[in-house]
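Novice: Below is the structure I would like to discuss, written out as structure tokens.
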Amino acid sequence: MAIRRKLIKHKVAELIDSCAISKPPVDVSKVARSLGLEIVMAPDEVGLSGFLISDSDSGRQIIGVNQSHHINRRRFTIAHEIGHHVMGHLEGKIHVDSNTTLRVAARSSVSSKGTDPHEVEANSFAAELLMPQSLVENAMAIIERDSNLGDDQIIAAIAKQFKVSESAMSFRLANLGLG
Ligand SMILES: [Zn+2]
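Its first residue numbered 2, the sequence shown is counted upward by one per residue in the numbering used here.
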């Protein structure tokens with residue numbers, strides 16, 4: 002299966018628009034709610050980052066996220082699970098993401114090459130949703146104009162604005178040709 006990058010961009014752009022997201026940090030809980038997805042904090046189980054459940058009996062659709070993870074990581078997990086939902090990846094009732102899957106996710110789409118295409122798509126979706134191109138470009142332009150920070154400090158400052166990890170932002174900037 003080829004990675005559907007154009008479709009991902011299109012779906013994310015629709016969500017950003019319909020949820021009226023105009024500045025960072027992107028409210029991923031709001032995006033989830035707009036899709037009828039509930040978010041539950043899950044206890045820290047071995048190797049678990051997040052999961053997606055669709056229960057046809059109750060009609061509930063639930064994203065579970067490891068409550069012990071750092072907020073930035075939980076945000077990435079939620080965005081990743083929204084990606085699975087929106088891209089139609091859920092085949093059974095439940096999809097589980099281990100820590101390993103999402104550790105790759107947080108690093109980059111480059112290092113996740115060769116893994117399950119659904120995971121690559123969910124990671125790509127999460128990066129697009131948490132760090133929308135136009136918002137990142139705006140933030141970058143403002144920071145570069147108003148400061149004489151070094152590259153690492155710029156990445157740290159923008160990552161903080163978007164509530165994402167510095168490594169996730171670093172790869173996003175590189176992908177956008179801004180890094
Ligand atoms: Zn996944």
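We treat Cβ as the ideally placed atom computed from N, Cα and C, and that holds for glycine.
Note that the coordinates shown come from a computational prediction; the quantities given were computed from them, not determined experimentally.
Cβ of H86 within 8 Å of any heavy atom in ligand 1?
Specialist: No, Cβ of H86 sits at least 8 Å from all heavy atoms of ligand 1.
Novice: Under 8 Å Cβ to Cβ from V1, same chain only, skipping five residues before and after it: list those, please.
Specialist: One cannot answer for residue 1 here, as it falls past the ends of the chain, which runs 2 to 180.
Novice: Indicate, with yes or no, if ligand 1 has a heavy atom lying under 8 Å from the CB of D153.
Specialist: Not under cutoff, so the answer is no.
Novice: Could you confirm whether any beta carbon from chain D is found closer than 9 Å to the beta carbon of R5?
Specialist: Looking for chain D here will not work: only one protein chain is present.
Novice: Report the CB separation of I156 from A140 in whole angstroms; it is logged as a contact under 8 Å.
Specialist: About 11 Å separates the two Cβ atoms, so there is no contact after all.
Novice: Buried or exposed for N149, going by 16 or more other Cβ atoms inside 10 Å?
Specialist: By the 10 Å Cβ count, N149 comes out exposed.
Novice: In this structure, does DSSP put E15 in helix, strand or coil?
Specialist: Three-state result, E15: helix.
Novice: Along the chain, where does the alpha helix (DSSP H) that runs through E82 open and close?
Specialist: Start and end: I72 to V87.
Novice: State the DSSP-derived secondary structure class of A107, mapped to helix, strand or coil.
Specialist: Bear in mind that a pLDDT of 46 at A107, under 50, signals an unreliable position, so the model cannot answer this.
Novice: Hey, how far is the Cα of A127 from the Cα of G84?
Specialist: One C-alpha to the other measures close to 6 Å.
Novice: Here's the rule I'm using: 16 or more other beta-carbon atoms within 10 Å means buried, otherwise exposed. How should M170 be labelled?
Specialist: Flag for M170 reads buried.
Novice: From what residue to what residue does the alpha helix (DSSP H) around S30 run?
Specialist: Per DSSP, S30 belongs to the alpha helix (DSSP H) from V29 to S35.
Novice: Can you tell me the Cα-Cα spacing of S55 and H86, whole angstroms?
Specialist: Distance between the alpha carbons of S55 and H86: 9 Å.
Novice: If distances are taken between C-alpha atoms only, which option among L38, S99 and S19 comes closest to D45?
Specialist: D45 has its Cα closest to that of S99, out of L38, S99 and S19.
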